[in-house]
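For the sequence shown, my numbering gives the first residue as 31, with consecutive numbering after it.
Written out below as structure tokens is the structure these notes cover.
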Amino acid sequence: MKKFESHNIPDELKVYDSWVVWRYIQRNGGRNGKQPFISSTCYPSRRRPIPAKTTDPKTWSSFDDAVQYGKLSGNGGIGFVFSPNIPYIGLDIDDCIVNREIIAPVKKLLDDLNTYSEISPSGTGIRCILKSNYSGNQNISGYNNIRKIEISTDRRYVTITGFVIEGYPLEINENDKVMDEIVVQMENSPTTPLCVVSSEPLSQIDVDLLTGPEELNDVEIIAKIWSSQKGKRLWIGDISLFDNDHSRADMALLCMIANWSRNINQIDRLFRKSKLFREKWEQKCGMINGVECTYGYISIIKALSRTKDFLKYR
31 MKKFESHNIP DELKVYDSWV VWRYIQRNGG RNGKQPFISS TCYPSRRRPI PAKTTDPKTW
91 SSFDDAVQYG KLSGNGGIGF VFSPNIPYIG LDIDDCIVNR EIIAPVKKLL DDLNTYSEIS
151 PSGTGIRCIL KSNYSGNQNI SGYNNIRKIE ISTDRRYVTI TGFVIEGYPL EINENDKVMD
211 EIVVQMENSP TTPLCVVSSE PLSQIDVDLL TGPEELNDVE IIAKIWSSQK GKRLWIGDIS
271 LFDNDHSRAD MALLCMIANW SRNINQIDRL FRKSKLFREK WEQKCGMING VECTYGYISI
331 IKALSRTKDF LKYR
């Protein structure tokens with residue numbers, strides 16, 4: 031079975047040196063993740079290729095190199111990294127192909143977007159590439175009865191298959207009208223909790239604090255974060271202060287947010303608006319009181335624990 035169809039991939043993307051090779055890796059809990067690697071390190075005789083970083087262009091390659099090494103690279107394929115100088119965004123919709131048929135709400139969205147669309151590596155999802163100046167990596171729930179749309183822009187990579195969907199353009203088009211509708215839906219939709227909160231004590235955190243009032247609104251908290259140089263750099267995705275350790279940077283920003291909010295949904299909502307937000311946020315990675323929880327939820331719990339005396343110092 032082919033990993034990708036390189037000739038179907040839009041020429042607009044091929045001109046950028048923004049390509050990586052990805053492989054399936056097993057994460058905590060046995061779930062397969064898609065890890066990006068430096069293309070030239072992905073060849074059969076090399077046991078451990080070097081991971082690529084979505085924040086470091088030196089770890090990306092040309093399209094031709096990605097195709098060459100992607101064909102050699104066991105299980106996986108090629109991927110594209112979005113960055114500020116690239117006027118395109120990705121829209122991912124998971125679990126929308128059932129018995130080889132696209133579900134009706136998603137088909138309507140594809141018709142409206144009228145842009146390059148392809149089938150994901152799993153064969154059950156769809157990715158659309160769109161011309162847009164929209165910025166911000168976001169997940170949108172409930173748009174026109176679609177369970178979730180994931181928007182990828184700056185400092186995020188997406189897998190690219192070239193498995194195009196018949197009847198849709200092979201080129202990347204612009205559709206500000208539909209994008210505006212999606213963004214409005216995102217702004218107005220409630221945040222879904224990351225995990226059900228157990229009634230048992232959670233890591234020294236009073237459960238009442240997790241659902242406490244939002245004393246400040248999102249805009250006010252973002253302004254406070256941006257008032258410090260460190261906060262601003264974290265918000266825009268700069269992890270160099272933490273030796274490029276993304277998880278440490280996540281925790282630093284979460285602790286900043288937790289100094290101004292003890293509401294778990296607000297903390298989650300704010301973090302998703304930052305450029306640190308990534309796919310890992312929603313991956314199950316551990317247990318709290320017998321409940322399987324996501325990386326994002328567990329990280330928020332840790333941040334609340336580390337800042338539990340915030341009222342004394344705020």
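No residue lacks a Cβ here, since even glycine has one placed at the ideal position from N, Cα and C.
Nothing here was measured: the structure is a model prediction, and the numbers come from that model.
Can you tell me which of the three DSSP states PRO66 falls into? Locating residue 66 in the sequence shown gives position 36, where the first residue counts as 1. DSSP places PRO66 in strand when its eight states are reduced to three.
Three-state secondary structure assigned by DSSP to ASP352: Not covered by the structure: residue 352. The range shown for the chain is 31 to 344.
Taking the alpha carbon of THR85 as the point to measure from, which residue in ASP206, TYR187 and TRP256 has its own alpha carbon closest? The count along the sequence shown starts at 1 and reaches residue 85 at position 55. Selected option, being the one with the closest Cα: TYR187.
Assuming ALA288 and ALA253 make a contact with CB atoms under 8 Å, what is their CB distance in whole Å? As a first step, residue 288 must be located in the sequence shown, where it is residue number 258. As a first step, residue 253 must be located in the sequence shown, where it is residue number 223. Not confirmed; about 16 Å, so no contact.
Inter-residue CB distance, GLU201 and LEU160 (contact presumed, cutoff 8 Å): Looking up residue 201 in the sequence shown gives position 171. Looking up residue 160 in the sequence shown gives position 130. The beta-carbon separation of GLU201 and LEU160, rounded to 11 Å, does not stay under the 8 Å limit for a contact.
Would the stretch 143–155 and the stretch 189–198 be scored as touching if the rule is three or more Cβ pairs under 8 Å? yes
Just verifying my parser: in three-state terms, what is the DSSP assignment at LYS32? As a working note, residue 32 is residue 2 in the sequence shown. LYS32: coil per DSSP, three-state reduction.
Could you give the first and the last residue of the continuous alpha helix (DSSP H) run that contains ASN261? The residue given as residue 261 occupies position 231 in the sequence shown. In the sequence on display, residue 261 carries Gly and not Asn. 259–265 is the extent of the alpha helix (DSSP H) around GLY261.
Between CYS225 and GLY326, what straight-line distance do the alpha-carbon atoms span, to the nearest angstrom? The sequence position of residue 225 within the sequence shown is 195, counting from 1. The sequence position of residue 326 within the sequence shown is 296, counting from 1. At CYS225 the pLDDT is 37, less than 50, meaning the model places this residue with poor confidence; the figure from the coordinates comes in the next sentence. CYS225 and GLY326: Cα-Cα distance of roughly 9 Å.
Decide if SER69 is buried, meaning its Cβ has at least 16 other Cβ atoms within 10 Å, or exposed. In the sequence shown, residue 69 corresponds to position 39, counting from 1. When all chains shown are included, SER69 counts as buried.
Out of SER182, VAL128 and LYS207, which has the shortest C-alpha to C-alpha gap to ARG302? Here residue 302 refers to the residue found at position 272 of the sequence shown. For the residues SER182, VAL128 and LYS207, the minimum Cα distance to ARG302 belongs to SER182.
Option nearest LYS88 by Cα separation, candidates SER48, LYS101, TYR99 and GLU309: What you label residue 88 is simply residue 58 of the sequence shown in a count that begins at 1. For LYS88, the nearest C-alpha among the options comes from SER48.
Apart from the five residues just before and just after SER257, which ones in its own chain have a Cβ nearer than 7 Å to its Cβ? Translated into the one-based positions of the sequence shown, residue 257 becomes position 227. Nothing listed; no residue qualifies.
For GLY197, which of helix, strand or coil comes out of DSSP? Mapped onto the sequence shown, residue 197 falls at position 167. If DSSP states are grouped into helix, strand and coil, GLY197 belongs with coil.
Closest to TYR99 by C-alpha separation, out of ASN274, VAL111, ILE116 and ARG76, would be which residue? Start at 1 with the first residue of the sequence shown, and residue 99 comes out as number 69. Answer by Cα proximity: ARG76.
Best match in ILE55, SER150, VAL214 and ALA279 for proximity to ILE123 [C-alpha to C-alpha]: Counting from 1 along the sequence shown, the entry for residue 123 is found at position 93. Ranking ILE55, SER150, VAL214 and ALA279 by Cα distance to ILE123 puts SER150 first.
Give the range of the alpha helix (DSSP H) segment to which VAL50 is assigned. Along the sequence shown, read from residue 1 onward, the residue named residue 50 stands at position 20. Unbroken run through VAL50 is the beta strand (DSSP E), 49–56; no alpha helix (DSSP H).
Residue range of the beta strand (DSSP E) that CYS30 falls in? Outside the shown range of the chain (31 to 344) lies residue 30, about which nothing can therefore be said.
Count the other CB atoms, across all protein chains shown, that sit within 10 Å of the CB of ALA279; report buried if there are 16 or more and exposed otherwise. For the purposes of this step, residue 279 is taken as residue 249 along the sequence shown, with counting starting at 1. Classification of ALA279: buried, given that the 10 Å Cβ count is 16 or more.
For SER36 and ARG292, I'd like the C-alpha separation in whole angstroms. Along the sequence shown, read from residue 1 onward, the residue named residue 36 stands at position 6. Along the sequence shown, read from residue 1 onward, the residue named residue 292 stands at position 262. SER36 and ARG292: Cα-Cα distance of roughly 48 Å.
Taking DSSP as the reference, what is the three-state secondary structure of ASN38? Position 8 of the sequence shown, counting from 1, holds the residue named residue 38. Looking at ASN38 - three-state DSSP - the assignment turns out to be helix.
State buried or exposed for SER277, treating a residue as buried only when at least 16 other CB atoms are found within 10 Å of its CB. Here residue 277 refers to the residue found at position 247 of the sequence shown. SER277 should be labelled exposed.
Taking DSSP as the reference, what is the three-state secondary structure of GLY326? On the sequence shown, position 296 is the one that residue 326 refers to. In the structure shown, GLY326 adopts helical secondary structure according to DSSP, grouped into three states.
For the beta strand (DSSP E) containing TYR187, list its first residue and its last residue. For this step, residue 187 is matched to residue 157 along the sequence shown. Note, TYR187: beta strand (DSSP E), 186–190.
GLY107 and LYS33: beta carbons closer than 8 Å? Taking the first residue of the sequence shown as position 1, residue 107 is located at position 77. Taking the first residue of the sequence shown as position 1, residue 33 is located at position 3. It is a contact, given that the beta carbons lie within the stated cut-off.
Which residues bound the alpha helix (DSSP H) around PHE93? Numbered from its first residue, the sequence shown carries residue 93 at position 63. From DSSP, the alpha helix (DSSP H) with PHE93 extends over 93–102.
Please list, in chain order, all residues of the same chain as THR337 whose beta carbon is under 8 Å from its beta carbon, the five residues on each side excluded. On the sequence shown, residue 337 is found 307 positions in, with the first residue counted as 1. Excluding residues within five positions, the ones whose Cβ falls inside 8 Å are CYS285, ALA288 and ASN289.
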